[in-house]
Every structure is written in structure tokens, then in C-alpha cells.
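*Asks:* Below is one structure. I have some questions about it.
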Amino acid sequence: MPERDHLTVTVQRGGPDAPMRPQTFEVPAYDNQTVLDVVSWIQQNADPTLTYRFACRVGMCGSCAMMVNGVPRWTCRTHVSKVLDGNAIEVGPLRNLPVIKDLAADMDPFFDKWVSAEGMHHPTRTRDDAIEAIDPVTMERQEANAGIECINCSVCYSACDTVAGNPDYLGPAALQRAWTLYNDAKDANKDAILDAVSGTGGCHSCHSMGSCTTYCPNELDPLSAILGLKRATTKRFFGGRK
Amino acid sequence: MKVARAHPLWLAYLLHRLSGLGLALFLPLHFWVLSYALNDAAKLDAFLTLTEMPLVKMAEFGLVFLLAVHLFGGLRLLALEWLPWSAPQKTWAAAAVAGSFLVSTTFLLQAI
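Those sequence lines, one after another, are chains A and B. The numbering of the first sequence is my numbering, which starts it at 1 and goes up by one. The numbering of the second sequence is my numbering, which starts it at 1001 and goes up by one.
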């Protein structure tokens, strides 16, 4: 049996048409319960108009990230017992993004910056060529491997105070994607990547606060990726090649 | 919602910023006083008697603290940005620096 019968859950409600306001619900407590379970219980049993987003429920799709007691988290894999403050939880939409309604944040700026950081494939071969063999033990491949498990949940973007203070800043996820492609032997345009990340709002805007790496639910290290881009762009500025 | 951010890297960032601000505020005053060494030695000596006051001595302690914190914060940033080491390498390097600092400070304390 759980130690408590009910949780006191405060949910931020509102959106572009209505100012954000907190609303508190009493939610039954269970032994095994994630924050997403709690939000779903409210929507299914207390207020069907509560808006939130989720899909896979197993930490793969990156849809359900929210602010939980001031920390951005993937709610489907955040156990209530790990985040309870006394008997209370406060849930809000992701920080640093526009709110569509209640707990659903508008992810457009996040994905637009992914493209702005040149986070797209620049092929080295055509479909008519044989597949390129990749050596898994090279330093470059290991750097690329370190970042490929990103699920685009925007937790790092939401955790970053540089994003909060500089709307042009590309943010940790987009820059980590750029660093991954920069180290990918199958990417043909490294210069385009470095051009995209060395301008205003690029990797040099990062203040190395490290919230991205601290809060990444997949335990990735966007801070180190951004530092890699800083080294690569600086080396290129002084005439060095990769 | 209050944002939680008090993790070690963020605190290191904050300490570096605040110590830098403190030093930036101190430096103009410092150069202003130093300018008396060239223009008015008597006035400089008169001003330097202030350093005997306990409050000024305490402030000097704070100044040395800001300098030390900002120096090591800067070295930390340089290492972070220019040494692409793995986490265990960084741990060993930090342990080696701390160990050598302990040994050398012990010798220094015996010498004085």
C-alpha cells in the first residue's frame, strides 16, 4: 500500500487566449505511478479539457516532456516518488517554447532551429553507388555515436538559460545534431555545418551552464558536443582543417 | 513555476560571472588609486593608511577570494573548451591537481 492516499497536483492551465493559471487536483496515489499517469488521470477523471501530449509512453518518442517541479522531464519515465515535493507535484508546459494550450508546448521553434543548424543529411554518394563501409572504432564515429540517441524531446532546450535569454540561440539539441553530422563520415558538407553554427546564436553563444547535459533524460552530453563545435569552428577560423 | 537549476555546473557559471562582475567594479577604483603613485605620492600614502582598518582588510580578503575564484573558473573554462577529455580523464586530472596542491601547500606551510 502507498504511504499516502492522494497526491496534490498543480497543473498550469491556459494558452495564447487565456493567461496561464494554476489549477490544483487531488489525484489517487499508487505504488507505481509516473507523472504522465497522473496527468492522464486528471484528463480522464477530473477535467477532460486538459490538454497535453504523449505517444509511446516508453521514453522513445520524445512527446511528453513537461516541467515537473521546476525541472524539464520526460513524464512517461519519471516516477512520481522521485519528484514528490512533500505530497505535491507542480506540472507545467516546457519552458522556452510558446504554449499551445495547458501542457502542450509549440515545438516549431525547436525544430526550425534543428534545420537552421544544418541538421540535415548532405550525402557523399548517390543511390546508385555501393554503401560506404564505416569503421566503428574511429574517434569521429564514436563522437557521432554519442549523440544519435537524441529523441527530440526538447528537455535540454527547455533547461537552457541561454535559450531563455537569447531567442536566436540554436540550443543544445540542434547543435548536438550538427556536431553528430560533422563527425559523420557519410556527411559531405562539413563547411555548411560549421557556417550554420558559427554565426549569431550559434555554438559560441553557449555559456557552458551544462543544464542540457544535467537534465537530458537519455544521458546524452550536448554540452560536450557544443564545446566540440567551438573547437572545430575556431580551428577553421585559424586556417586548420578537420 | 520556479525553475530548479542549482546543479554544480550552473553554480560554477554563476560564481564565475559574479566574481567577474565584482572584479570589473573593483578595477577602475584600483587604477584610480594607482594613478596617485604617478601624480601625488603623498595622497597615495594617505590613502594607503586606510588599509590598516579591519574592514578594509576584510574587503581585501574578499578581493583575493574573487581573484582566486575567477582565475580557477577561467582555467576550468579553458580546460572544458580546449581539452576534449573523457569524464574519467577529467576526474583523474582534477584529483592529480588537488593532490599536488595539497602536497605543495603542506611544504609551503612548513617553510613559512
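Ideal Cβ placement from N, Cα and C applies to all residues, glycine included.
Taking buried to mean at least 16 other C-beta atoms within 10 Å of its own C-beta, is residue 1 (chain A) buried or exposed?
*Replies:* To locate residue 1 (chain A), count along the first sequence from 1; it is residue 1. Only weak support exists for where residue 1 (chain A) lies, its pLDDT of 44 falling under 50; the coordinates are left without a value.
*Asks:* What does residue 227 (chain A) reach in chain B if we use C-beta pairs closer than 8 Å?
*Replies:* Start at 1 with the first residue of the first sequence, and residue 227 (chain A) comes out as number 227. Result: 1080, 1081 and 1084.
*Asks:* What residues in its chain sit with their C-beta under 7 Å from that of residue 113 (chain A), if we drop five residues either side in the sequence?
*Replies:* Position 113 of the first sequence, counted from the start, is the residue given in the question as residue 113 (chain A). Here the set comprises 170, 171 and 174.
*Asks:* Distance cutoff 7 Å, beta carbons only. Does residue 214 (chain A) sit that close to anything in chain B?
*Replies:* As a position in the first sequence, residue 214 (chain A) is number 214, starting the count at 1. Output row for residue 214 (chain A): interface = yes.
*Asks:* Output, in chain order, the set of chain A residues within a Cβ distance shorter than 7 Å of residue 1001 (chain B).
*Replies:* The residue you call residue 1001 (chain B) lines up with position 1 of the second sequence. Within chain A, the residues near residue 1001 (chain B) are 12, 67, 70, 90 and 92.
*Asks:* Indicate whether at least one CB of chain A lies closer than 7 Å to the CB of residue 1009 (chain B).
*Replies:* In the second sequence, counting from the first residue as 1, residue 1009 (chain B) sits at position 9. It does: the Cβ of residue 1009 (chain B) has a partner Cβ on chain A nearer than 7 Å.
*Asks:* Using only CA atoms, which one of A:136, A:41 and A:196 lies nearest to residue 115 (chain A)?
*Replies:* One-based indexing of the first sequence puts residue 115 (chain A) at position 115. Among A:136, A:41 and A:196, the Cα nearest to that of residue 115 (chain A) is on A:196.
*Asks:* What three-state label does DSSP hand residue 133 (chain A) in the structure shown?
*Replies:* Within the first sequence, the letter at position 133 stands for residue 133 (chain A). Note: residue 133 (chain A) maps to coil in three-state DSSP.
*Asks:* Determine whether the Cβ of residue 190 (chain A) lies closer than 7 Å to any Cβ atom of chain B.
*Replies:* Your numbering for residue 190 (chain A) matches position 190 in the first sequence. Cβ-Cβ to chain B under 7 Å: no for residue 190 (chain A).
*Asks:* Write down every uninterrupted run of the beta strand (DSSP E) in the segment 14-86 of chain A whose length is 3 residues or greater and which is fully enclosed by it, in chain order.
*Replies:* Segments of the beta strand (DSSP E) lying fully in the segment 14-86 of chain A: 21-28, 65-68 and 71-74.
*Asks:* Taking only the alpha-carbon atoms, compute the straight-line gap between residue 1046 (chain B) and residue 1094 (chain B) and give it to the nearest angstrom.
*Replies:* In the second sequence, residue 1046 (chain B) corresponds to position 46, counting from 1. In the second sequence, residue 1094 (chain B) corresponds to position 94, counting from 1. Answer to the nearest angstrom: the Cα atoms are 45 Å apart.
*Asks:* Assuming contact is defined by CB atoms lying nearer than 7 Å, are residue 64 (chain A) and residue 51 (chain A) in contact in what I supplied?
*Replies:* Taking the first residue of the first sequence as position 1, residue 64 (chain A) is located at position 64. Taking the first residue of the first sequence as position 1, residue 51 (chain A) is located at position 51. No.
*Asks:* Residue 1057 (chain B) lies in the alpha helix (DSSP H); which residues open and close that run?
*Replies:* In the second sequence, the residue the question calls residue 1057 (chain B) occupies position 57. 1054-1082 is the extent of the alpha helix (DSSP H) around residue 1057 (chain B).
*Asks:* What residues from the segment 148-166 of chain A come within 9 Å of chain B, judged by C-beta to C-beta, listed N to C?
*Replies:* Per Cβ criterion, the list reads 159, 161 and 164.
*Asks:* Distance cutoff 7 Å, beta carbons only. Does residue 1004 (chain B) sit that close to anything in chain A?
*Replies:* Along the second sequence, one-based indexing puts residue 1004 (chain B) at 4. True, the Cβ-Cβ gap to chain A drops below 7 Å.
*Asks:* For residue 208 (chain A), which residues in chain B fall below 8 Å Cβ to Cβ?
*Replies:* As a first step, residue 208 (chain A) is located in the first sequence; it is residue number 208 there, counting from the start. Neighbours of residue 208 (chain A) on chain B, chain order: 1009, 1013, 1077, 1080 and 1081.
*Asks:* Count the other CB atoms within 10 Å of the CB of residue 1060 (chain B); is the residue buried (16 or more) or exposed (fewer)?
*Replies:* As a position in the second sequence, residue 1060 (chain B) is number 60, starting the count at 1. The residue is exposed, with fewer than 16 neighbouring Cβ atoms inside 10 Å.
*Asks:* Taking 7 Å as the CB-CB cut-off, is residue 235 (chain A) touching chain B?
*Replies:* By 1-based counting over the first sequence, the position of residue 235 (chain A) is 235. No, residue 235 (chain A) does not count as interfacial toward chain B.
*Asks:* What residues of chain B sit near residue 231 (chain A), judged by a beta carbon separation below 9 Å?
*Replies:* Reading the first sequence from its first residue, position 231 is the one you call residue 231 (chain A). Per Cβ cutoff of 9 Å: 1081, 1082 and 1084.
*Asks:* Please list, in chain order, the chain B residues whose beta carbon lies closer than 8 Å to that of residue 211 (chain A).
*Replies:* As a working mapping, residue 211 (chain A) is identified with position 211 in the first sequence. Result: 1005, 1007, 1009 and 1010.
*Asks:* Could you please give me the residues that DSSP links to residue 105 (chain A) through a beta bridge?
*Replies:* For the purposes of this step, residue 105 (chain A) is taken as residue 105 along the first sequence, with counting starting at 1. Residue 105 (chain A) is bridged to A:99.
*Asks:* Please list the partners that residue 95 (chain A) has in chain B, where partner means a Cβ-to-Cβ separation under 7 Å.
*Replies:* In the first sequence, counting from the first residue as 1, residue 95 (chain A) sits at position 95. Chain B residues near residue 95 (chain A): 1003.
*Asks:* Select from A:200, A:30, A:179 and A:10 the residue whose C-alpha is nearest the C-alpha of residue 85 (chain A).
*Replies:* Indexing the first sequence from 1 puts residue 85 (chain A) at position 85. When each option's Cα is compared against that of residue 85 (chain A), the closest is A:10.
*Asks:* Is the CB-CB distance between residue 132 (chain A) and residue 186 (chain A) below 7 Å?
*Replies:* For the purposes of this step, residue 132 (chain A) is taken as residue 132 along the first sequence, with counting starting at 1. For the purposes of this step, residue 186 (chain A) is taken as residue 186 along the first sequence, with counting starting at 1. Yes.
*Asks:* Tell me, please, whether the CB atom of residue 1 (chain A) is closer than 7 Å to any CB atom in chain B?
*Replies:* Within the first sequence, the letter at position 1 stands for residue 1 (chain A). At residue 1 (chain A) the pLDDT is 44, less than 50, meaning the model places this residue with poor confidence; the figure from the coordinates comes in the next sentence. No, no contact with chain B.
*Asks:* Looking at C-alpha atoms only, which residue of A:88, A:61 and A:92 is the closest neighbour of residue 77 (chain A)?
*Replies:* Taking the first residue of the first sequence as 1, we reach residue 77 (chain A) at position 77. Checked all of A:88, A:61 and A:92; the closest Cα to residue 77 (chain A) is A:61.
*Asks:* Is it the case that the segment 156-171 of chain A contacts the segment 1028-1042 of chain B, given that we only count it when at least three CB pairs across the two stretches are under 8 Å?
*Replies:* Result no; under three Cβ-Cβ pairs closer than 8 Å.
*Asks:* Cβ of residue 1009 (chain B) within 7 Å of Cβ of residue 210 (chain A)?
*Replies:* For this step, residue 1009 (chain B) is matched to residue 9 along the second sequence. For this step, residue 210 (chain A) is matched to residue 210 along the first sequence. Cβ atoms of residue 1009 (chain B) and residue 210 (chain A): closer than 7 Å.
*Asks:* Kindly indicate which three-state DSSP category residue 1017 (chain B) falls into: helix, strand or coil?
*Replies:* Residue mapping note: residue 1017 (chain B) aligns to position 17 of the second sequence, counting from 1. The answer is helix: DSSP assigns residue 1017 (chain B) an H, G or I state.
*Asks:* Taking the straight line between their C-alpha atoms, what separation do you get for residue 219 (chain A) and residue 1055 (chain B)?
*Replies:* Position 219 of the first sequence, counted from the first residue, corresponds to residue 219 (chain A). Position 55 of the second sequence, counted from the first residue, corresponds to residue 1055 (chain B). The straight-line gap from Cα to Cα measures roughly 48 Å.
*Asks:* Using beta carbons (cut-off 7 Å, strictly below), is residue 222 (chain A) in contact with chain B?
*Replies:* Here residue 222 (chain A) refers to the residue found at position 222 when the first sequence is read from its first residue. No, because no Cβ of chain B sits closer than 7 Å to the Cβ of residue 222 (chain A).
*Asks:* Measuring CB to CB, does residue 183 (chain A) end up less than 7 Å from residue 140 (chain A)?
*Replies:* As a working mapping, residue 183 (chain A) is identified with position 183 in the first sequence. As a working mapping, residue 140 (chain A) is identified with position 140 in the first sequence. Yes.
*Asks:* Closest by CA to residue 151 (chain A), which one among A:25, A:176, A:143 and A:125?
*Replies:* As a working mapping, residue 151 (chain A) is identified with position 151 in the first sequence. Answer by Cα proximity: A:176.
*Asks:* Is the separation between the beta-carbon of residue 155 (chain A) and that of residue 98 (chain A) shorter than 7 Å?
*Replies:* As a first step, residue 155 (chain A) must be located in the first sequence, where it is residue number 155. As a first step, residue 98 (chain A) must be located in the first sequence, where it is residue number 98. No; because the gap between Cβ atoms is not below 7 Å, this pair is not in contact.
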